[in-house]
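Student: Got a structure for you, questions after.
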Amino acid sequence: MKISKPFLLSSLLVLLSSIIIASVFIKTPQNSKDIITMTEEQENGASIFKQFGVKIDKNPPQSKLDELQVNTWSKWSGQPMKIPWTFEAEETMYLLEGKVKVSVDGQEGSFEIGGGDLVVFPNGMKITWEVLEAVTKHYHLKK
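Just so you know, we're using the numbering used here here: the sequence shown kicks off at -6 and counts up by one.
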């Protein structure tokens, strides 16, 4: 069976294109701890993720913030700094502005949270909190 040159070349081109596209869009994590898993998709397009046991709700709807009464929570602001922190209670925070890099003790890698994120840190978690851009947040400690 003889295969024509144009057919062979077009087949190779399709195969090569598929490999290139796959390598651009698919990143294989080097470590399973680097994986961010999406646990829920909301109707308005906001997503809830879990990273190292921290729940991150990107741009939750105003109705959810109203239901939680976020505007009645305590407020905290900080300039760029890097501090170790241990959560003595579950803490839910809503970041109004800024950007923070979070490294969880005992885990490789880090993640960033910022303005518009609703974040829940579990009781007892030890982190390094690095403020990259001045941050303002509302926070609530679970009793």
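The C-beta atom is built at its ideal place from N, Cα and C for all residues, glycine as well. Predicted model, so just to flag it, every value in this text is computed and none were measured.
Our contact map puts D98 next to K119 with C-beta atoms below 8 Å; I'd like the distance itself, whole angstroms only.
Tutor: D98 to K119, Cβ: 4 Å. Contact.
Student: Closest to D59 by CA distance: which of I41, L111 and I106 is it?
Tutor: Per the Cα distances, L111.
Student: Excluding the five sequence neighbours on either side, which residues of its own chain have a C-beta within less than 7 Å of the C-beta of W122, listed in chain order?
Tutor: Contacts found: I76, W78, V93 and V95.
Student: Nearest by alpha-carbon distance to N116: which of G109, K136, T65 and S40 is it?
Tutor: Measuring from the Cα of N116, the nearest candidate turns out to be K136.
Student: For L134, which residues in the same chain have their Cβ closer than 6 Å to its Cβ, ignoring the five residues on either side in sequence?
Tutor: Excluding residues within five positions, the ones whose Cβ falls inside 6 Å are A82 and E84.
Student: Using the C-alpha atoms, what's the distance from G109 back to N52?
Tutor: Their backbone Cα atoms lie some 5 Å apart in a straight line.
Student: Whole alpha helix (DSSP H) runs in the region 49 to 104 with 4 or more residues, listed along the chain?
Tutor: Fully enclosed alpha helix (DSSP H) runs of 4 or longer: 55 to 61.
Student: Quick check: T129 and E105, are their CB atoms within less than 8 Å of each other?
Tutor: Cβ distance not < 8 Å, so T129 and E105 don't count as in contact.
Student: Can you list, in chain order, the residues of its chain with a C-beta nearer than 6 Å to that of G71? Leave out the 5 residues immediately preceding and following it.
Tutor: Excluding residues within five positions, the ones whose Cβ falls inside 6 Å are V124 and V128.
Student: Between which two residues does the beta strand (DSSP E) containing K130 stretch?
Tutor: Unbroken beta strand (DSSP E) run through K130: K119 to L134.
Student: Considering only the beta carbon of each residue, do F114 and V63 sit closer than 8 Å?
Tutor: No, the pair does not count as a contact, with Cβ atoms beyond the cut-off.
Student: Here's the rule I'm using: 16 or more other beta-carbon atoms within 10 Å means buried, otherwise exposed. How should Q55 be labelled?
Tutor: Exposed: under 16 other Cβ atoms inside 10 Å.
Student: Provide the residue span of the beta strand (DSSP E) that contains F114, from first to last.
Tutor: Run containing F114: D110 to F114, per the beta strand (DSSP E) assignment.
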